[in-house]
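Trainee:
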Amino acid sequence: MAQIPGQEDKEKTTALKDLLSRIDLDELMKKDEPPLTFPKTLEEFEYTFNEQGQLRHTTTGEAFVFNAREDLHRWNQKRYEALGEIVTQYVYELLEKKCNMTKVILPVDVTEEEPRSFIYLSADAMSNPAKLLVLIQGDGVVRAGQWARRLIINQDLDSGTQIPFITRAKEEGYGVMVLNPNENHLEVERPAKPTPLLSPEASDEPAEKRERKDDRESKKKRDFYEKYRNPQKESETEQIPIRENGSPEEHLLYVWDHFVSNAAARNVFIVAHSYGGLSLVELMCQREAQVKDRVCAVAMTDSVHNIWHQDASKSIQEWLQQHCRNWVSSPEPLDTPVEPMLPDCPRLSAGTERHELTSWRSFNSIFQFFSKALQTGDEYEESSNTVTTRSSHRTKHEHNHDD
């Protein structure tokens, strides 16, 4: 006997409805996620950083566990983000107390009413006559002093923060600037919009009722399901951009114009991770002559810059070839040359395939590269000064002879 077209689908739908009617929704509702409210301090979270800089549970001594509640991914993610915000504040404290860095508010002429950002400076960042180190992280949730939140929480402070770079730089006589390229806006809660009411004329139209009858029933079911699946609605927010710091690129340009360009250091060195490398190339496109005049060397770590997409000039490409190195994620041993993808800075293996670890794994290599670049620069400068001095003496002698 031939089956009527569509009959099979209809039977499946009926069977599914019958199955759903047998489910105890009250039991399902008991599995609702807990409130999205979390501790505000490490102590309340019952975590602490041990002497090795590892995050450990204060009672069990175990590492952080992401899946604290099974089958509640959103709740676990929100808990992780709440812990991440506490970690951010903890790193700020370390920058100020352990590294003796000073927080400087941006914009420099900020008013009381407008949103603000900040950077961190060592005591001699603006006055050190010899060397200045500028640290730029990638994009995302990381803030000043961090390379990767994931590493701080799951591995240790040394690999995930910029503190080892700051400490060594100060030991080697650098002034230090710690940028904050992802602090771009103030997030405020958006007022709830009133629900518009249908006019009596619209609600009394029979045709409208007929057309929307099934839609209303479907919406009821969807709303009920959504209440079960996602019962806690998050408040809507809006972002107020920070003046002249509304993006990582804007932030770097602002810090360059107001701080780096006014610093006393003869030689500026830059470490730029991931998106920080893109921001640096963008800075060169905007301030090419200044960067070439002040920057001695640039160490990128798994940079995502692209000289073609960013319209970097041939002169910028040539400068990057000479003054920049990019330590990239690779299975090859540390410092092994990696074939370049584009004709810009040479690429070297960071000795790891993990993007977020590239800065930490190339730590020693970066400072060796800076020392060599400084030595080469000093030798070149000394040679240039000697030639100039000899030329001046010769000119002076010839001028006196002519008299």
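Here UniProt numbering is used: the first residue of the sequence shown is 1, the next is one more, and so on. From the three backbone atoms N, C-alpha and C, an ideal C-beta is built for every residue, glycine too.
1) Do you know how far the Cα of Ala123 is from the Cα of Glu48?
2) Got a sec? Which residues, its chain only, sit under 8 Å from Thr14 by beta carbon, not counting five neighbours each side?
3) Residues in its own chain within less than 7 Å of Gln333 by CB, not counting five upstream and five downstream?
4) Sort Glu238, Gly377 and Val291 by Cα distance to Ala263 and report the nearest one.
5) If contact is defined by three or more beta carbon pairs under 8 Å, each pair taking one atom from either stretch, is the stretch 61-73 in contact with the stretch 87-97?
6) Out of Pro34, Thr161 and Thr167, state which residue places its alpha-carbon closest to the alpha-carbon of Gln54.
7) For the beta strand (DSSP E) containing Cys285, list its first residue and its last residue.
8) Looking only at C-alpha atoms, which of Asp335, Ala289, Pro340 and Trp327 sits nearest to Trp319?
9) What are the boundary residues of the beta strand (DSSP E) that includes Ile86?
10) With burial defined as no fewer than 16 other Cβ atoms inside 10 Å of the residue's Cβ, what is the status of Lys372: buried or exposed?
11) To the nearest angstrom, report how far apart Ala144 and Arg266 are at their CA atoms.
12) Per the DSSP calculation, His258 is bridged to which residue(s)?
13) Given a threshold of 16 other Cβ atoms within 10 Å of its Cβ, counted over all protein chains shown, does Asp9 qualify as buried or as exposed?
14) Please check if any C-beta of chain C sits within less than 8 Å of the C-beta of Asn262.
15) Distance, Cα to Cα, Gln52 vs Glu171?
16) Where Leu374 and Asn50 are concerned, what is the direct C-alpha to C-alpha distance, given to the nearest angstrom?
17) State buried or exposed for Asp311, treating a residue as buried only when at least 16 other CB atoms are found within 10 Å of its CB.
18) Considering just the uninterrupted stretch of the beta strand (DSSP E) at Glu44, what are its terminal residues?
19) Specify, as a first and last residue, the run of the beta strand (DSSP E) that Gly53 falls within.
20) Identify whether Gln146 lies in helix, strand or coil by the three-state DSSP scheme.
21) Check the C-beta distance from Val304 over to Gly277 and give it rounded, since I have them as a contact under 8 Å.
22) Could you please give the first and the last residue of the uninterrupted beta strand (DSSP E) stretch that includes Ser349?
23) DSSP state of Phe38, grouped into three classes?
24) Which residue spans inside the stretch 149-186 form an unbroken beta strand (DSSP E) run of at least 3?
25) With a CB to CB cut of under 7 Å and the five nearest residues on each side skipped, what residues in its chain are close to Glu46?
26) Just to confirm my understanding: we take Ile166, look at its own chain, exclude 5 residues before and 5 after, and list those with CB closer than 6 Å. What are they?
27) According to DSSP, simplified to helix, strand and coil, what is Thr301?
28) Find out if the Cβ-Cβ distance for the pair Phe367, Ala297 is shorter than 8 Å.
29) Alpha carbon to alpha carbon, how far is Pro115 from Leu121?
30) By the three-class DSSP mapping on this structure, what secondary structure does Pro331 have?
31) Within 10 angstroms of the Cβ of Gln7, are there 16 or more other Cβ atoms? Answer buried if so, exposed if not.
32) May I ask which residues mark the beginning and end of the alpha helix (DSSP H) holding Glu318?
33) Only counting the same chain, and skipping five residues up and downstream in sequence, which positions put a Cβ closer than 7 Å to that of Leu157?
34) Looking only at DSSP bridge pairs, what is Phe269 linked to?
35) Checking the sheet assignment: what are the DSSP bridge partners for Thr237?
36) Using only alpha-carbon positions, find the residue among Asn306, Glu356, Pro241 and Ser313 that is nearest to Ser330.
Mentor: So, from the data block:
1) On the sequence shown, residue 48 is found 48 positions in, with the first residue counted as 1. On the sequence shown, residue 123 is found 123 positions in, with the first residue counted as 1. In the sequence as presented, Glu is not what sits at residue 48; that position holds Thr. If I take the Cα positions, the gap works out to 29 Å.
2) Stepping through the sequence shown from its first residue, residue 14 is reached at position 14. Within the same chain, no Cβ atom closer than 8 Å to the Cβ of Thr14 is found once the five residues on either side in sequence are excluded.
3) The residue given as residue 333 occupies position 333 in the sequence shown. The identity of residue 333 in the sequence shown is Pro, whereas the question assumes Gln. Cβ contact annotation for Pro333 (same chain, cutoff 7 Å, sequence separation greater than five): Ser349 and Gly351, in chain order.
4) Your numbering for residue 263 matches position 263 in the sequence shown. Closest by C-alpha distance to Ala263, out of Glu238, Gly377 and Val291, is Val291.
5) The count of Cβ pairs closer than 8 Å, one atom from the stretch 87-97 and one from the stretch 61-73, stays below three, leaving the stretches out of contact.
6) Looking up residue 54 in the sequence shown gives position 54. Considering only alpha carbons, the answer is Thr161.
7) The count along the sequence shown starts at 1 and reaches residue 285 at position 285. Cys285 -> not in any beta strand (DSSP E); alpha helix (DSSP H) instead, spanning Tyr275 to Gln286.
8) As a first step, residue 319 is located in the sequence shown; it is residue number 319 there, counting from the start. Looking at the Cα atoms, Ala289 is the closest of the given residues.
9) Here residue 86 is taken as the residue at index 86 of the sequence shown, counted from 1. Unbroken run through Ile86 is the alpha helix (DSSP H), His73 to Lys97; no beta strand (DSSP E).
10) Your numbering for residue 372 matches position 372 in the sequence shown. Classification of Lys372: exposed, given that the 10 Å Cβ count is below 16.
11) Here residue 144 refers to the residue found at position 144 when the sequence shown is read from its first residue. Here residue 266 refers to the residue found at position 266 when the sequence shown is read from its first residue. One Cα belongs to Ala144, the other to Arg266, and the distance between them is close to 25 Å.
12) For this step, residue 258 is matched to residue 258 along the sequence shown. Residue pairing from DSSP leaves His258 without any beta-bridge partner.
13) By one-based count along the sequence shown, residue 9 stands at place 9. Classification of Asp9: exposed, given that the 10 Å Cβ count is below 16.
14) Structure shown: chain C not included; a single protein chain is present.
15) Here residue 52 refers to the residue found at position 52 of the sequence shown. Here residue 171 refers to the residue found at position 171 of the sequence shown. Going by C-alpha positions, Gln52 is about 21 Å away from Glu171.
16) Start at 1 with the first residue of the sequence shown, and residue 374 comes out as number 374. Start at 1 with the first residue of the sequence shown, and residue 50 comes out as number 50. Straight through space, the alpha carbons of Asn50 and Leu374 are spaced by roughly 37 Å.
17) Working through the sequence shown from its first residue, we reach residue 311 at position 311. The residue is exposed, with fewer than 16 neighbouring Cβ atoms inside 10 Å.
18) Within the sequence shown, residue 44 is the residue found at index 44, counting from 1. Element bounds for Glu44: not the beta strand (DSSP E) but the alpha helix (DSSP H), Leu42 to Phe45.
19) If you number the sequence shown from 1, residue 53 lands on position 53. Counting along the chain, Gly53 falls outside any beta strand (DSSP E), and DSSP gives it neither H nor E.
20) As a first step, residue 146 must be located in the sequence shown, where it is residue number 146. In the three-state DSSP reduction, Gln146 falls in the strand class (E or B).
21) As a working note, residue 304 is residue 304 in the sequence shown. As a working note, residue 277 is residue 277 in the sequence shown. That belief holds up - the Cβ atoms of Val304 and Gly277 are roughly 6 Å apart, short of 8 Å.
22) Here the question's residue 349 lines up with position 349 in the sequence shown. Bounds of the beta strand (DSSP E) holding Ser349 are Arg347 to Ser349.
23) Counting from 1 along the sequence shown, the entry for residue 38 is found at position 38. If DSSP states are grouped into helix, strand and coil, Phe38 belongs with coil.
24) Counting whole runs of 3 or more residues, the stretch 149-186 contains the beta strand (DSSP E) stretches 174-178.
25) The count along the sequence shown starts at 1 and reaches residue 46 at position 46. So the list reads His57, Thr58 and Thr59, once near-sequence residues are dropped.
26) Here residue 166 corresponds to residue number 166 of the sequence shown, with the count starting at 1. Cβ neighbours of Ile166 beyond the five flanking positions: Cys99 and Val176.
27) The residue you call residue 301 lines up with position 301 of the sequence shown. Three-state DSSP puts Thr301 in a strand.
28) Here residue 367 refers to the residue found at position 367 of the sequence shown. Here residue 297 refers to the residue found at position 297 of the sequence shown. Contact: no.
29) Within the sequence shown, the letter at position 115 stands for residue 115. Within the sequence shown, the letter at position 121 stands for residue 121. Distance between the alpha carbons of Pro115 and Leu121: 20 Å.
30) Looking up residue 331 in the sequence shown gives position 331. Looking at Pro331 - three-state DSSP - the assignment turns out to be coil, as it is neither helix nor strand.
31) Counting from 1 along the sequence shown, the entry for residue 7 is found at position 7. Exposed is the call here.
32) What you label residue 318 is simply residue 318 of the sequence shown in a count that begins at 1. Taken as a continuous stretch (DSSP letters only), the alpha helix (DSSP H) holding Glu318 covers Lys314 to His323.
33) Position 157 of the sequence shown, counting from 1, holds the residue named residue 157. In its chain, beyond the 5 residues on either side, Phe49, Gly53 and Ile163 have a beta carbon closer than 7 Å to the beta carbon of Leu157.
34) Against the sequence shown, residue 269 aligns to sequence position 269. Secondary-structure assignment with DSSP links Phe269 through a beta bridge to Leu133 and Ala297.
35) Sequence index remark: in the sequence shown, residue 237 carries index 237 (1-based). Thr237 is bridged by DSSP to Glu189.
36) In the sequence shown, counting from the first residue as 1, residue 330 sits at position 330. If we check each option's Cα against that of Ser330, Glu356 comes out closest.
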